[in-house]
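Below is one structure, written out as structure tokens, with a few remarks after it.
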Amino acid sequence: MDAATAATATAAAAALVWFRKGLRVHDNPALDAARRSAARVYPVFVLDPRYLRPDPAAPSPGSAHAGVARVRFLLESLLDLDARLRCLGSRLLVLRARDDVSDAVCAALKDWNIGKLCFESDTEPYALARDKRVTDFAAASGIEVFSPVSHTLFDPAEIIEKNGGRPPLTYQSFVATAGEPPKPVMEEYSVLPPIGDTGGYELLPVPKLEELGYGDLSQEYIPPFRGGETEALKRMRESLQDKEWVAKFEKPKGDPSAFVKPATTVLSPYLKFGCLSVRYFYHCIQDVYRSAKTHTKPPVSLAGQLLWRDFFYTVSLGTPNFDHMEGNPICKQIPWRESEELFVAWRDGRTGYPWIDAIMIQLRKWGWMHHLARHSVACFLTRGDLYIHWEQGRDVFERLLIDSDWAINNGNWLWLSCSSFFYQYHRIYSPISFGKKYDPNGDYIRHFIPVLKDMPKEYIYEPWTAPLSVQEKARCIVGKDYPKPVVDHEAASKGCRRRMGEAYASNRLGGSTVKGNSSNSSRRKLCHGGQDVPDSSKSKQPRKRS
DNA sequence: TCATGTGTTGTTTTT
DNA sequence: GAAAAACAACACATG
Numbered sequence: 001m002d003a004a005t006a007a008t009a010t011a012a013a014a015a016l017v018w019f020r021k022g023l024r025v026h027d028n029p030a031l032d033a034a035r036r037s038a039a040r041v042y043p044v045f046v047l048d049p050r051y052l053r054p055d056p057a058a059p060s061p062g063s064a065h066a067g068v069a070r071v072r073f074l075l076e077s078l079l080d081l082d083a084r085l086r087c088l089g090s091r092l093l094v095l096r097a098r099d100d101v102s103d104a105v106c107a108a109l110k111d112w113n114i115g116k117l118c119f120e121s122d123t124e125p126y127a128l129a130r131d132k133r134v135t136d137f138a139a140a141s142g143i144e145v146f147s148p149v150s151h152t153l154f155d156p157a158e159i160i161e162k163n164g165g166r167p168p169l170t171y172q173s174f175v176a177t178a179g180e181p182p183k184p185v186m187e188e189y190s191v192l193p194p195i196g197d198t199g200g201y202e203l204l205p206v207p208k209l210e211e212l213g214y215g216d217l218s219q220e221y222i223p224p225f226r227g228g229e230t231e232a233l234k235r236m237r238e239s240l241q242d243k244e245w246v247a248k249f250e251k252p253k254g255d256p257s258a259f260v261k262p263a264t265t266v267l268s269p270y271l272k273f274g275c276l277s278v279r280y281f282y283h284c285i286q287d288v289y290r291s292a293k294t295h296t297k298p299p300v301s302l303a304g305q306l307l308w309r310d311f312f313y314t315v316s317l318g319t320p321n322f323d324h325m326e327g328n329p330i331c332k333q334i335p336w337r338e339s340e341e342l343f344v345a346w347r348d349g350r351t352g353y354p355w356i357d358a359i360m361i362q363l364r365k366w367g368w369m370h371h372l373a374r375h376s377v378a379c380f381l382t383r384g385d386l387y388i389h390w391e392q393g394r395d396v397f398e399r400l401l402i403d404s405d406w407a408i409n410n411g412n413w414l415w416l417s418c419s420s421f422f423y424q425y426h427r428i429y430s431p432i433s434f435g436k437k438y439d440p441n442g443d444y445i446r447h448f449i450p451v452l453k454d455m456p457k458e459y460i461y462e463p464w465t466a467p468l469s470v471q472e473k474a475r476c477i478v479g480k481d482y483p484k485p486v487v488d489h490e491a492a493s494k495g496c497r498r499r500m501g502e503a504y505a506s507n508r509l510g511g512s513t514v515k516g517n518s519s520n521s522s523r524r525k526l527c528h529g530g531q532d533v534p535d536s537s538k539s540k541q542p543r544k545r546s
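The first sequence begins at 1 in UniProt numbering and counts up by one.
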């Protein structure tokens, strides 16, 4: 045995599984590779202080990056992962990074003399940069790295390559390129290799919210969804049990006002953290389809939803500046309006439109709301009423949603703001009639906005139209107990349509039309700068995500 | 290059 | 009450 072979043999003795997303045991190729190739396996999760430290200045409980509902969901998921690893004779090693997560990982690799590092590949820009620091260190230290794709059905990079180096920009072309996804890795095993010596590391349990500095939180910030793989699998099985419901599922149909029993599976947060394997879920849905006489098809079917998820992952990987308007080649350049006052009213659920406000309050408290409810408020903020930049709305969703997912969130904001993918800007969700057709009595509004609970149903969607005597009887005076509408929807949406038309025309010309000096007809591919952007936003640096 | 087909998910009024 | 039509009109990826 030569020196190199000996080194490899030693190296293979210890493997570190770095959990980030993919907080599960089932269908976990990184964990599977580690257990097969090493005598000792260190399952690690690193707590990121920049992600978890409470921010008292934030507009709602939580850190600068995550609302408390998602922090809680993460901790629950870690606790469950630890429990499941313990069932296999192992445990989760929770490390606290002092500053940068990658530094903590590199230190552990070195201190524990790790020979093989296994982690699930992640395509988000933040993750790519973080992971590169670690893989560079591993390469320099002779540590083998195994980084499989298992967060998505397909390998986004592979799809881009298959499509000639560019991401497919329509769902249909994506589906045509993608084919069938790989099967999940579901081999049963009853024991994992033991963890090795951890040296001077203090082995901490998964922290409680209070230990992270989240003190007195009211009960209202506890969403009705518990994190973790165990809960994910239970929830999936419950959803799939109703085979007829699965076979007939059509996304555009479904009641956004249903909150006691949501109209969708609410598996998105479990997919976001990888508590549930998307490949396993897809596979189980196919099983149900095989047992059904007929079933719906993509894009509207349940399986079709998972393909949408992969679609956005693929486009986001292949598009520069995907999370910005400027410098994003697929994003229309639109001179959105600056208004802190209107933005804050929207963010805090004080627009005076109960349907909009109830949704934003559900977001703040639960970190989850129905897909069409998200559409309503996203349309309202951007092209529908307030004409405010989608990046501002994106930031709010990104922080508060428990299923907040970089690719999907940005993709949907591009979509809803008619900045990309979807362009029919004259189709505007009414903040009054859209909710009413699902929930004429306004039960959803009454639940999330208690001050309106006694408003008669005739006025619940438009309380400012209620006669004063009615407002008094309902103990809710508009302008005092509940805000007046921040804009008049009729006028605002009309103005938005007009401005969108102008912005589109300006994009077609490929230059500024308002300010003249439209020299050439550069294609949209090249567009950034030179657009009809007011000075206020033009002079600004690209919005920093906080 | 350009014609073509397609696009998850609007609202309001009429039948 | 459900379904269809009218409304006012489209953008653009794909091949």
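For every residue, glycine included, the Cβ atom is placed at its ideal position computed from N, Cα and C.
Asked: Delimiting residues of the alpha helix (DSSP H) encompassing A157; Found: 156-162
Asked: Neighbourhood of T265 by C-beta, 6 Å cutoff - its chain only, sequence neighbours within 5 removed; Found: S239
Asked: Meets three-Cβ-pair contact criterion under 8 Å: the region 407-420 and the region 323-331; Found: yes
Asked: A303 (DSSP reduced to helix, strand or coil); Found: helix
Asked: Neighbourhood of P320 by C-beta, 8 Å cutoff - its chain only, sequence neighbours within 5 removed; Found: G327, N328, P329
Asked: Between the CA atoms of I334 and P168 - distance to the nearest angstrom; Found: 23 Å
Asked: Rounded straight-line distance, which links the Cα of L31 to that of A15; Found: 9 Å
Asked: Simplified DSSP assignment, three categories, for residue 547; Found: What the structure shows of the chain is the stretch from 1 to 546, and residue 547 is not part of that stretch, so it cannot be assessed.
Asked: Backbone CA spacing between L95 and T123 [nearest angstrom]; Found: 23 Å
Asked: Supposed close pair A33, F146 - CB separation, criterion 8 Å; Found: 5 Å
Asked: In DSSP terms, what A14 is bridged to; Found: R40
Asked: Distance CB(A232)-CB(Y270) smaller than 9 Å; Found: yes
Asked: Whole runs of the beta strand (DSSP E) within the region 137-201, excluding any shorter than 3 residues; Found: 144-146
Asked: 8 Å CB neighbourhood of I432 in its chain, flanking five on each side removed; Found: Y353, W355, Y461, E462, H489
Asked: Simplified DSSP state of K473, which is helix, strand or coil; Found: helix
Asked: Buried versus exposed call for D385 [16 or more other C-beta atoms within 10 Å across all chains shown]; Found: buried
Asked: Three-way DSSP call (helix, strand, coil) for V266 in this model; Found: coil
Asked: Secondary structure of S63, DSSP reduced to three states; Found: strand
Asked: Expected contact under 8 Å - CB spacing of C379 and I428 to nearest Å; Found: 6 Å
Asked: Segment contact, 8 Å Cβ cut-off, at least three pairs: the region 253-264 with the region 363-377; Found: yes
Asked: Classification of T170 by the beta-carbon crowding that lies within 10 angstroms, buried from 16 upward; Found: exposed
Asked: Three or more C-beta pairs below 8 Å linking the region 336-355 and the region 385-401; Found: yes
Asked: Nearest-angstrom Cα separation, counted from A140 out to A13; Found: 19 Å
Asked: Expected contact under 8 Å - CB spacing of T296 and K243 to nearest Å; Found: Their Cβ separation, rounded to whole angstroms, is 13 Å, which puts T296 and K243 out of contact at 8 Å.
Asked: Nearest-angstrom Cβ-Cβ length linking G22 and G349, presumed shorter than 8 Å; Found: Incorrect: roughly 34 Å between the Cβ atoms, too far for contact.
Asked: CB contact flag (I160, R309, <9 Å); Found: no
Asked: Own chain, CB closer than 8 Å to L452, minus 5 neighbours either side, in chain order; Found: P354, G442, I445, R446, I460, P463, A474, C476, Y482
Asked: For K251, the residue or residues it bridges with in DSSP; Found: None; K251 has no bridge partner.
Asked: Residue range of the unbroken alpha helix (DSSP H) whose run includes residue 549; Found: No answer is possible for residue 549: the residues shown for the chain start at 1 and end at 546.
Asked: Candidates N163, A157, T351, of which the one nearest P485 by Cα; Found: T351
Asked: Residues sharing a beta bridge with V478, DSSP; Found: Y482
Asked: C-beta contact flag for V300 and P252 at 9 Å; Found: yes
Asked: Inter-residue Cα distance where the pair is S404 and R499; Found: 30 Å
Asked: Backbone CA spacing between F225 and V377 [nearest angstrom]; Found: 22 Å
Asked: Contact set for L212: own chain, Cβ-Cβ below 6 Å, skip 5 residues either direction; Found: L52
Asked: Counted within 10 angstroms of its Cβ, other Cβ atoms place H151 as buried (16 or more) or exposed; Found: buried
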